[in-house]
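Q:
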Amino acid sequence: AATPPIVIVTSNRTREIHDALKRRCFYHWVDYPSLDDELDILQRKAPEAGPELSQQVVRFVHRLRDMKLFKAPGVAETIDWAHALVELDCLAVDPATADSTMGVLLKYQDDISRIRGTEAARILAQVQTEILG
Numbered sequence: 002a003a004t005p006p007i008v009i010v011t012s013n014r015t016r017e018i019h020d021a022l023k024r025r026c027f028y029h030w031v032d033y034p035s036l037d038d039e040l041d042i043l044q045r046k047a048p049e050a051g052p053e054l055s056q057q058v059v060r061f062v063h064r065l066r067d068m069k070l071f072k073a074p075g076v077a078e079t080i081d082w083a084h085a086l087v088e089l090d091c092l093a094v095d096p097a098t099a100d101s102t103m104g105v106l107l108k109y110q111d112d113i114s115r116i117r118g119t120e121a122a123r124i125l126a127q128v129q130t131e132i133l134g
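Adding 1 to a residue's 1-based position in the sequence shown gives its number in this note's numbering.
(1) Could you tell me whether the stretch 46 to 55 touches the stretch 9 to 22, using the rule of 3 or more Cβ pairs below 8 Å?
(2) Determine whether the beta carbon atoms of L54 and D112 lie at a separation below 7 Å.
(3) To the nearest angstrom, report how far apart R25 and E120 are at their CA atoms.
(4) Counting only runs of 4+ residues fully inside the stretch 16 to 92, write out the alpha helix (DSSP H) ranges in chain order.
(5) Would you identify the three-state DSSP class for A99, choosing helix, strand or coil?
(6) Tell me the residue span of the alpha helix (DSSP H) that contains V8.
(7) Could you tell me the distance, in whole angstroms, from the CA atom of R60 to the CA atom of V128?
(8) Would you kindly report the start and end of the unbroken alpha helix (DSSP H) that includes L107?
(9) With a cut-off of 8 Å on the beta carbons, I'd call I42 and P52 a contact; round off their distance for me.
(10) Under the rule that 16 or more other beta-carbon atoms within 10 Å means buried, what is Q56, buried or exposed?
(11) Of the residues I7, V58, E131 and L133, which one's Cα is nearest the Cα of V105?
(12) At what residues does the alpha helix (DSSP H) containing V94 begin and finish?
(13) Note down, in chain order, each residue of its chain lying with its Cβ closer than 6 Å to the Cβ of E78, except the 5 sequence neighbours on either side.
(14) Closest by CA to C126, which one among R115, V76, S114 and A99?
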């Protein structure tokens, strides 16, 4: 080829990338989006969620990411959770709904068990306080 190809390798850190491959690559860390950026993404990908539910979803997910979980939810899980909540005709997340849909956000049983119940209710209360200002 006249121009060498550009190959993009992504990693979600589930398996180690061999050192020989790492030496041949440029490394760029892509962090989670800011709250406002993720809210914009969610409103484009799940407009049916509406502004209030979208705010609650994004703030809840950001709180989860601040915790030491085995696997924090990504943007895809944020979008999936909003879609699931809309399908359940949920206008606002309550503790029971958060508990019953936690498997959309978290993929490991230890994380789910840790957050369900009082922890989810605590996070939702913090989110509500943030939203009300």
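Positions of the beta carbon are idealized from the N, C-alpha and C atoms, including for glycine.
A: In short, the structure shows the following:
(1) no
(2) no
(3) 43 Å
(4) 20 to 24, 36 to 46, 51 to 66 and 76 to 88
(5) helix
(6) First-last for V8: undefined, no H or E at that position.
(7) 6 Å
(8) No alpha helix (DSSP H) holds L107; DSSP gives it neither H nor E.
(9) In fact, because the Cβ distance is near 14 Å, the residues do not count as touching under 8 Å.
(10) buried
(11) V58
(12) Per DSSP, V94 belongs to no alpha helix (DSSP H) and is neither H nor E.
(13) L106
(14) Rather than Cys, the amino acid found at residue 126 in this sequence is Ala. Of the candidates R115, V76, S114 and A99, the one whose C-alpha sits nearest the C-alpha of A126 is A99.
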